[in-house]
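These notes concern the structure reproduced below.
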Amino acid sequence: MNPKLPYVLLVGAAVTIFILSCMLLSRGRRSPSCESQPRVAEKTGSSSQSLVFADLTPEEMVQVVRYLQGNLGVQLVDASRAKPSDNCIASVDVQVPAKAEVLRFLDAGGARPAREALAVLYFGSQPEPNVTEYVVGPLPTPVYHRDVTVQKYGGKVPYHRRPMLGSEFKQVGTFLAMMAFAAAPTFLKEVMEYDGTNVAFQTTAPHGFQSGDRKSWFIVFQNVSGFFVHPVGLEVLVDHSSLDVSRWVVRRVFYNGQYYRDMAHLESAYVQCRISVEKVRKAPQDGDFSTMKTRAPASALFPLQYEPQGPRYSIRKNHVVFQAWSFAFGMSVSRGLRLFDIRHKGERVAYEISVQEALSVYGSNCPGGMSTRYMDGSFGIGRYASPLVRGVDCPYSATYVDTHALSETLSPRTKKASLCIFEQNLGSPLRRHYSNLQSLYYGGLVNSALVVRSIATVGNQDYVWDFIFYQNGAIEGKVQATGYTSSSFLHGDGLRYGNRVWEHTLGTIRTHSINYKVDLDVGGVKNSLVAHDMAFEMTRAPWSPEQQIERPRLTKKVLDTEDQAAFRLQSKMPRYIYFAANSKNKWGHQRGYRIQITSFAGDHVPESSSMERAISWARYQLAVTRRKEEEPTSTSIYNQNDPWTPTVAFVNFIDNETITNEDLVAWITAGFLHIPHSEDIPNTVTVGNSVGFLLRPYNYYDLDPSIYSHDGVFFTSEQDFTACDTNPVACLPKTASCLPSFPPFTYDGFQN
């Protein structure tokens, strides 16, 4: 044995221990916290000017309510406690000024438009009950109000068209529990183990078959978590058209495939054993199969995204700046998320992009399901904006914004963290090329985009609303659907209308249609609509005339009228359709923004339907009309409860007017057919349930504007691609070695 060997081993062991100690110590030291870097100022619109679009503040809402209470000469009851025969304030929202006024202010140094509110009031305590809309102003200290109902709708809004208040839902629930169910005690106790608390109700809409009806099917479920998929087979038709709650009556009862006059008739049939009973197993309070509690043990944390040098966007009140983008945002009580004055590189490309409506049409062999056509704007897409859960609904490090609403109450309510804004690395290049021919190089651009998001939970349905801003000048409007599937009790030929998803649960077929308003101003207010597409042409090869070649060529057409620009839902539409400016780019082409729709919609309700005109916007995947102040929205909150005489019929917007060199609006409909299946239990997933549209520059610039992005990467075979000056990605081990300072997790959703 070599006598030096023990010393060599000892020295080696000491060195190993030293290295391991250093590694452990270095791992134990906390990396420095990430520090924000100053942002490069971009040429954008003024944040103070964007306040012309801002939602009402809670203080302004309070002032509007006080003014109405003191100046209408009638008693106003808090809508949360109002009876149908009371007067109450249904909602207060901002009244966005006329576009011409706003543009004079923004672009021509004109006076700031008066700040006003729009108040919707129910007058049930009048000889002729009605719904009235008032514009109240100027804010913050109102001194006037004017009735704009007739101006907007051509006449008074009949009282039966009013959206149902939460108080009316509660009153119907009390009527069912105290009056209707009292007529069938034996049936309810023995079949449903009814104890007064273990059932939940879901209403349907519209409420009947003709104008003036207010007869609603109320579907009965087990009152457990995720009750939407726990039907018990009982449905009750309540006539609540009278303003006197004591005169409400049951018009029909449905149980397990059979119809009865009322609950007493059902009770009699049960006691006499003339009824087919299908007893549903009682579910535990957590819903059992419908619980959203995970079935998996704790494991490694999911990946997180953070900003090593702080956010690269800024938010001041309702104004957002992100690289070359700027815009104002807001939240309509009825329609939800909306954007105004959208600019890229300082130039306005759109005046307004907003959600208009979310429609779902159901099928079933149960009365509630087969009569359901939900128009969610009537319930309030913005009103039901959910508080967002940090790290799940949006990235943990997103900026969370509170929104405020005054709906069905006399006091404004703050919805904490109901809107989020974040920059997201989408994990793929926006563009790239690897060259191994001639020269050797790599060029690419990280696809990092800004996302503005809100999530509305309207009953069983959750809609994830996104507007996304890309570095190449494109804007995407997208909605993802999730939440619980609506269901019917499985009986008879139920499988004609969906799939069985649990023992007694039929996941019912439905269509979803989403409508957007897109007021593009491409190179100015006046635009034309142009369609480009392709066609094959046959030609002889010039160098070999005996040979024939089929080659694609470009087809071009200017769409001159609204009729030409209205594309039916399932019809063929030009694949390139764009708003064209009166100016040209460097290469002689009209500057434009292209509309590209992503949709796999089901069929539209037949136009022979008595209620179709109320949802006639859904006839069209795209309709482009002249912009008019008297046509601000494609539908109305009053259409839900009287679709047979719609307050706003979109089809009337299309009257073959000329749309060449005019201020134009694109009305876009995207949708999908949903046939629920077993994987929709407990919840429908967003994957595959995403539709929307893209607005893409089309010859608007002389070249791709993203070439000016700071996120570009380019290096050649002759450069040192590990050097930070050459390749910023090479700096990541240093610049991204900090630890993000995540705020503590909080959630205020259960306090709203």
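Read in order, the letters of the sequence shown are residues 1 to 752 in the UniProt record's numbering. In this text, a Cβ means the ideal position worked out from N, Cα and C, and glycines have one as well.
_F672 vs F600 beta-carbon contact at 8 Å_ = Taking the first residue of the sequence shown as 1, we reach residue 672 at position 672. Taking the first residue of the sequence shown as 1, we reach residue 600 at position 600. Their beta carbons are under 8 Å apart, which means F672 touches F600 by this criterion.
_Opposing strand residues paired with Q548 [DSSP bridges]_ = Locating residue 548 in the sequence shown gives position 548, counting from the first residue. In the DSSP assignment, Q548 forms a beta bridge with R540.
*Would you mind working out which of G749, Q719, T684, K526 sits nearest T291, comparing C-alpha positions?*
For this step, residue 291 is matched to residue 291 along the sequence shown. Ranking G749, Q719, T684, K526 by Cα distance to T291 puts T684 first.
*Identify whether S487 lies in helix, strand or coil by the three-state DSSP scheme.*
Locating residue 487 in the sequence shown gives position 487, counting from the first residue. It is a strand residue.
*asked:* Per the DSSP calculation, L139 is bridged to which residue(s)?
replied: Walking along the sequence shown from the start, residue 139 turns up at place 139. Answer by DSSP bridge pairing: none, since L139 is not bridged.
_R104 - containing alpha helix (DSSP H), residue span_ = On the sequence shown, residue 104 is found 104 positions in, with the first residue counted as 1. Residues 99–108.
*Own chain partners of G749 with C-beta closer than 6 Å, once the 5 adjacent residues on each side are dropped*: Locating residue 749 in the sequence shown gives position 749, counting from the first residue. Excluding sequence neighbours, G749 sits near P387.
*How close, in whole Å, do the beta carbons of T726 and S439 come, if the pair is a contact with beta carbons under 8 Å?*
For the purposes of this step, residue 726 is taken as the residue at position 726 of the sequence shown. For the purposes of this step, residue 439 is taken as the residue at position 439 of the sequence shown. That belief does not hold up - the Cβ atoms of T726 and S439 are roughly 16 Å apart, past 8 Å.
_Three-pair Cβ contact test at 8 Å for the segment 357–374 versus the segment 394–409_ = no
*In whole angstroms, what is the alpha-carbon distance linking Q480 and V458?*
Position 480 of the sequence shown, counted from the first residue, corresponds to residue 480. Position 458 of the sequence shown, counted from the first residue, corresponds to residue 458. Rounded to whole angstroms, Q480 to V458 spans 14 Å at the Cα level.
*In its own chain, which residues sit with a C-beta less than 8 Å from the C-beta of C731, not counting the 5 before and 5 after it?*
For the purposes of this step, residue 731 is taken as residue 731 along the sequence shown, with counting starting at 1. Excluding five sequence positions before and after C731, the CB atoms of its chain that fall closer than 8 Å to its own CB belong to C724, given in chain order.
*Excluding the 5 residues preceding and the 5 following R432 in the sequence, name in chain order all residues of the same chain whose CB lies nearer than 8 Å to its CB.*
Your numbering for residue 432 matches position 432 in the sequence shown. So the list reads Y442, G443, G444, L445, once near-sequence residues are dropped.
*How would you label P606, buried or exposed, when you count the other beta carbons within 10 angstroms and need 16 or more for buried?*
Position 606 of the sequence shown, counted from the start, is the residue given in the question as residue 606. Exposed is the label assigned to P606, since fewer than 16 other Cβ atoms lie within 10 Å of its Cβ.
*Nearest-angstrom Cα separation, counted from D521 out to A566*: The count along the sequence shown starts at 1 and reaches residue 566 at position 566. The count along the sequence shown starts at 1 and reaches residue 521 at position 521. The alpha-carbon atoms of A566 and D521 are separated by roughly 19 Å.
*asked:* Would Q95 and E116 qualify as a contact pair, given that the criterion is a beta-carbon distance under 8 Å?
replied: Residue 95 sits at position 95 when you count from the first residue of the sequence shown. Residue 116 sits at position 116 when you count from the first residue of the sequence shown. Yes, Cβ-Cβ distance for Q95 and E116 is below 8 Å.
_Proximal residues to M534 (C-beta, below 6 Å), its chain only, five neighbours per side dropped_ = Looking up residue 534 in the sequence shown gives position 534. Contacts found: P552.
*Report the rounded CA-to-CA distance for Q590 versus E347, giving the unit in angstroms.*
Position 590 of the sequence shown, counting from 1, holds the residue named residue 590. Position 347 of the sequence shown, counting from 1, holds the residue named residue 347. Roughly 16 Å between the two C-alpha positions.
*asked:* Within 10 Å of its beta-carbon, does F742 have 16 or more other beta-carbons around it, so buried, or fewer, so exposed?
replied: Numbered from its first residue, the sequence shown carries residue 742 at position 742. Burial call: exposed.
*To the nearest whole angstrom, what separates the beta carbons of I509 and I615, a pair I think is in contact under 8 Å?*
Numbered from 1 along the sequence shown, position 509 holds the residue referred to as residue 509. Numbered from 1 along the sequence shown, position 615 holds the residue referred to as residue 615. The pair is not a contact, with the Cβ atoms about 17 Å apart (cut-off 8 Å).
_Distance between beta carbons of R161 and V131, contact taken as under 8 Å_ = Indexing the sequence shown from 1 puts residue 131 at position 131. Indexing the sequence shown from 1 puts residue 161 at position 161. Going by Cβ atoms, the distance from V131 to R161 rounds to 7 Å, so yes, they are a contact pair.
*asked:* Quick check on the burial criterion: 16 or more other C-beta atoms within 10 angstroms. Buried or exposed for M538?
replied: Numbered from 1 along the sequence shown, position 538 holds the residue referred to as residue 538. Exposed, since its Cβ has fewer than 16 Cβ neighbours within 10 Å.
*In three-state terms, what does DSSP make of K734?*
In the sequence shown, residue 734 corresponds to position 734, counting from 1. Reduced to three states, the DSSP call for K734 is helix.
*Could you pull out every unbroken beta strand (DSSP E) segment of at least 3 residues lying fully inside the segment 695–723, listed in chain order?*
712–716
*Going along the chain, which residues of its own chain have a beta-carbon closer than 8 Å to the beta-carbon of G492, five neighbours each way excluded?*
Taking the first residue of the sequence shown as position 1, residue 492 is located at position 492. These residues qualify, in order along the chain: G257, N365.
*asked:* Quick check on Q323: does DSSP put it in helix, strand or coil?
replied: Looking up residue 323 in the sequence shown gives position 323. Coil at Q323, not helix or strand.
*Can you check whether the CB of D147 is closer than 8 Å to the CB of Y159?*
On the sequence shown, residue 159 is found 159 positions in, with the first residue counted as 1. On the sequence shown, residue 147 is found 147 positions in, with the first residue counted as 1. Taking 8 Å as the Cβ cut-off, Y159 and D147 do not qualify as a contacting pair.
_Paired residues, beta bridge with G498 - DSSP_ = Taking the sequence shown and counting its residues from 1, the one referred to as residue 498 is at position 498. Looking at the DSSP assignment, G498 forms a beta bridge with T508.
*Counting pairs of Cβ atoms below 8 Å between the segment 297–312 and the segment 247–256, do you hit three or more?*
no
*What is the DSSP secondary structure of A182, counted as helix, strand or coil?*
For the purposes of this step, residue 182 is taken as the residue at position 182 of the sequence shown. Here A182 sits in helix by DSSP.
*Give the secondary structure of A283 by DSSP, where H, G and I count as helix, E and B as strand, and everything else as coil.*
Within the sequence shown, the letter at position 283 stands for residue 283. In the structure shown, A283 sits in coil (DSSP, three-state: anything other than H, G, I, E or B).
*Quick check: the segment 369–382 against the segment 637–644, are there 3 or more CB pairs under 8 Å?*
Under the Cβ criterion (8 Å, minimum of three pairs), the segment 369–382 counts as touching the segment 637–644.
*Identified DSSP bridge partners for Y593*: For the purposes of this step, residue 593 is identified with residue 593 of the sequence shown, where counting begins at 1. Bridge partners of Y593: F579, P697.
*List the DSSP bridge partners of I381.*
Working through the sequence shown from its first residue, we reach residue 381 at position 381. DSSP, once it has assigned bridges, lists no residue as partnering I381.
*Check F650 in the structure and name its three-state DSSP category.*
Walking along the sequence shown from the start, residue 650 turns up at place 650. If DSSP states are grouped into helix, strand and coil, F650 belongs with the helices.
*With burial defined as no fewer than 16 other Cβ atoms inside 10 Å of the residue's Cβ, what is the status of N318: buried or exposed?*
Position 318 of the sequence shown, counted from the start, is the residue given in the question as residue 318. By the 10 Å Cβ count, N318 comes out buried.
*Determine whether the Cβ of D86 lies closer than 8 Å to any Cβ atom of chain C.*
Going by chain labels, chain C is absent from the structure shown, which holds only one protein chain.
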